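Numbering of the sequence shown is given in this note's numbering, commencing with residue 2 and proceeding in unit increments.
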Amino acid sequence: MDKILDLDKSVASLVKEYPEVADIMANLGFTEIKNPAMLASVGRIMNLKKGSQMKKIPLEEIVRAFREKGFEITDGGKPFPTESADSAEVAKIAKAADSAEEAEIAKAADSAEAAKAPVDRAEALRSLLDRLSEGEDLESVRADFVRDFKDVDPAEIMRAEQGLMESGMPLSKVQKLCDVHSALFHGDTREEKIANAERAVQASLKNHAGKEEKNYINKSVEAESLIQIPGHPLSTFTKENEALGQYLENTKARWESLVESLSGKAGGKDKAEK
């Protein structure tokens with residue numbers, strides 16, 4: 002059975018049809034294809050032509066690699082030019098993806114990264130600490146920390162560390178991350194870098210708190226506008242609440258008088274029994 006690989010098909014559909022496509026692409030330099038989240042998101046909108054442009058891998062090289070594995074190459078259902086064909090035609094096809102499509106791919110990649118679960122962050126930090134405990138060089142661990150966490154919100158790193166402590170990791174071990182953190186922040190000394198890291202966390206938390214307060218204010222304004230609409234459930238509920246409050250206020254004196262009266266009778270009864 003012929004293996005037909007269409008350059009116009011999404012990478013995700015190609016991998017589903019021919020699982021070996023993932024290995025071939027990874028060997029060419031598309032290492033992200035081994036990440037399930039990236040394959041499920043970016044892979045659905047990226048084809049090999051777009052990937053060629055994004056990764057700066059010549060399309061001819063990609064086509065050659067698949068042909069060596071027995072694939073017949075097509076583009077939109079039409080036979081793709083062989084290597085002996087006019088190279089200008091190959092170059093023209095390679096530049097088919099426009100800037101709008103590239104922006105869409107970049108957006109999908111950002112979404113995939115943003116969707117990374119906090120537990121993954123915690124496990125990554127745990128791995129770094131384990132490497133330090135096993136005696137690995139600090140600079141080596143720092144380099145990997147910068148690679149994996151340079152674009153991560155400082156507050157998220159802090160929450161991941163809190164998660165480690167909640168899972169039972171000793172505070173003394175988590176504190177070792179201070180030396181690792183310092184690689185992300187400027188400063189002439191270790192203390193200055195750690196202080197800058199702490200300030201970055203506080204600024205991030207303050208920013209999040211500001212956004213939450215703004216959302217709360219917006220929701221309060223929206224609720225107030227709904228209360229003013231006659232017949233709206235929120236309006237009815239508010240009026241019932243106000244009426245109940247007024248009733249309780251009006252009857253408060255009577256209830257207090259009744260309680261005093263009962264207390265007095267109880268006191269008199271106790272004296273009589275004595």
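Glycine is no exception: its CB is placed at the ideal position from the N, C-alpha and C atoms.
A quick note: this is a predicted structure, and the numbers were derived from the prediction, not measured.
Check your understanding: Is the distance from the Cβ of lysine 70 to the Cβ of glutamate 135 below 8 Å?
Key -> no
Exercise for review: Check the DSSP bridge columns for serine 11 and list the partner residues they point to.
Suggested key: Asn48
Check your understanding: According to the neighbour-count rule (16 or more other Cβ atoms, all chains shown, within 10 Å of its Cβ), is isoleucine 25 buried or exposed?
Key -> buried
Review point. Alpha carbon to alpha carbon, how far is arginine 68 from isoleucine 74?
Key: 7 Å
Point to revise | Cβ-based neighbour list, valine 142, same chain, cut-off 8 Å, excluding 5 preceding and 5 following | key: Leu129, Arg132, Leu133, Val181
Review point. Around the C-beta of arginine 191, are 16 or more other C-beta atoms found within 10 angstroms, so that it is buried, or is it exposed?
Key: Note that arginine 191 has pLDDT 45, beneath the 50 cutoff, so the model's placement of it is unreliable and the number below is only indicative. Label assigned to arginine 191: exposed.
Practice item. Pull up the CB-CB distance for lysine 50 and leucine 8, whole angstroms please, since I reckon it's below 8 Å. Key: 5 Å
Review point. Just reading off the alpha helix (DSSP H) that aspartate 24 is part of, what are its end residues?
Key: 21-29
**Study point:** Within 8 Å, strictly: CB atoms of leucine 165 and leucine 126
**Key:** yes
**Study point:** Cα-Cα separation between phenylalanine 150 and glutamate 124, rounded to whole angstroms
**Key:** 13 Å
Point to revise | Limits of the unbroken alpha helix (DSSP H) element including glutamate 61 | key: 60-69
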